[in-house]
Each structure stands twice: as structure tokens, then as C-alpha cells.
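Residue numbers for the sequence shown, in this note's numbering: -14 to 78.
From the three backbone atoms N, C-alpha and C, an ideal C-beta is built for every residue, glycine too.
Here's the structure we're looking at; comments come further down.
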Amino acid sequence: MFGALLAGVCAGLGLIVIFRHGGSLGGVGVLGLWLQERAGIQAGWVQLGFDIVLFAVAFFVLDLTLIALSLIGAIVVNGIIGVNHRRDRYIAR
């Protein structure tokens, strides 16, 4: 449980740093940043929506304990991104 929380915090903070410098890890992150830029939907919430679909599929494949721990980590990561990654917090040059 502690590992899932700590990993979620570390991953969330790392992604914030990458996003604030205009980078991405690709895939859903790029889609999230694009939707945030074009439609005003925060990148963290796009990521969370993708994770919900992924977890729905995982229920048919993995043990419930693993799914629960992964869910805790995903909620922490996406919560950190959703709350902290906002366009209005950056200074335009």
C-alpha cells in the first residue's frame, strides 16, 4: 500500500516536471496535453479517463489485490496532474 502511494506521488511529480517543460511520454500524455491546449480539458483528467478503461479490462485478467493497489497509484498520479498542471500557472514569454 505504501509503495503504491509513494510510486504514485513520485510518478505524478515527475510527469508534472516533464509537462511543464513542454515534454511528454507519448501516447495518452500527448493526447491529454493536446486536449488541454485545444479544448481546455485538463491533461490529468484525460489520463484518468484512459486509466478507467484500462482498469475495466484488468478486472477480467488480473487479481483484485493487484488491481486495487494499481488503482491507488493511478488515482494519486492523475490527481496530482489534474490539480497541478494548469496552463494559467505558467508565465508566457
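Taking the alpha carbon of residue i as the point to measure from, which residue in the options has its own alpha carbon closest?
| i | options | result |
| --- | --- | --- |
| Q27 | F(-13), M(-14) and I66 | I66 |
| G64 | A41, I1 and W19 | I1 |
Residue i by DSSP, collapsed to three states: which one?
| i | result |
| --- | --- |
| G12 | coil |
| G58 | helix |
| G25 | coil |
Is the separation between the beta-carbon of residue i and that of residue j shorter than 8 Å?
| i | j | result |
| --- | --- | --- |
| G(-3) | V61 | yes |
| G11 | Q32 | no |
| I52 | A(-11) | no |
Since residue i is in the alpha helix (DSSP H), which residue starts that stretch and which ends it?
| i | result |
| --- | --- |
| D36 | A28 to A43 |
| L(-2) | F(-13) to R5 |
Just checking residue i against the ligand MG - is the residue's beta carbon closer than 7 Å to any of the ligand's heavy atoms?
| i | result |
| --- | --- |
| G(-7) | Ligands displayed in this structure: none; no statement on the ligand MG is therefore possible. |
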